[in-house]
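Peer 1:
Residue numbers (our numbering): 311 to 422.
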C-alpha cells in the first residue's frame, strides 16, 4: 500500500473546484442558462459561493468518487466536478439562509 499525501491532493482539487465554481457562476454562464438575471443578484451569488471556505464537502464528493472507481479524477469526469460544485452551492445557500433575520441574524460570515 502506498502512502497518500493529503495536502497536495486537497490543493489540486480545491484549485480545480474554484475554477469550476467561478465558471459556473460567471455572469455569462448564468445569463446563458435562462432569462437575464439582475447583475446585483449575480454578484451576491458569487460573493456567497466564492468568498472563501475550505471546500470540504465537494472534496468529499471527489474522494468518494475516487474511492468508488479506484482511480484519480480525470478530465473525462466533468460530471463529478459538477456534482461537487452543486454540493458546495447547496452549502453556500444554507449559510445565506442561516444568516437571515428570521434565523440567527448574523452580520458576519467567514469574518466578513
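Every residue, glycine too, gets a C-beta built ideally from N, C-alpha and C. Computed from a predicted model, the values in this text were never measured in an experiment.
What is the rounded straight-line gap between the Cα of residue 393 and the Cα of residue 314?
Peer 2: Going by the C-alpha atoms only, they are around 24 Å apart.
Peer 1: Counting only the same chain and skipping the five closest in sequence on each side, list residues whose C-beta sits under 8 Å from that of residue 371.
Peer 2: Within the same chain, residue 371 has close Cβ partners 390, 393, 394, 397.
Peer 1: State yes or no: is the C-beta of residue 360 within less than 9 Å of the C-beta of residue 320?
Peer 2: Against a cut-off of 9 Å, the Cβ pair of residue 320 and residue 360 comes out as no contact.
Peer 1: Using the beta-carbon count (16 or more within 10 Å), is residue 365 buried or exposed?
Peer 2: Buried: at least 16 other Cβ atoms inside 10 Å.
Peer 1: Measuring alpha carbon to alpha carbon, tell me which residue in 332, 324, 380 is nearest residue 357.
Peer 2: Looking at the Cα atoms, 332 is the closest of the given residues.
Peer 1: Quick check on residue 383: buried or exposed, where buried means 16 or more other Cβ atoms within 10 Å of its Cβ?
Peer 2: Residue 383 should be labelled buried.
Peer 1: Classify residue 354 as buried or exposed, calling it buried when 16 or more other Cβ atoms lie within 10 Å of its own Cβ.
Peer 2: Classification of residue 354: exposed, given that the 10 Å Cβ count is below 16.
Peer 1: Measuring only the C-alpha atoms, how far is residue 334 from residue 316?
Peer 2: Near 26 Å, if we compare the C-alpha coordinates of residue 316 and residue 334.
Peer 1: Let's see if you can read the secondary structure: which residues bound the alpha helix (DSSP H) around residue 327?
Peer 2: Per DSSP, residue 327 belongs to the alpha helix (DSSP H) from 316 to 334.
Peer 1: Exposed or buried, residue 329, counting other C-beta atoms within 10 Å across all chains shown (16 or more means buried)?
Peer 2: So residue 329 counts as exposed.
Peer 1: Between 385, 407, 404, which has its C-alpha nearest residue 326's C-alpha?
Peer 2: Minimum Cα distance to residue 326 is reached at 385.
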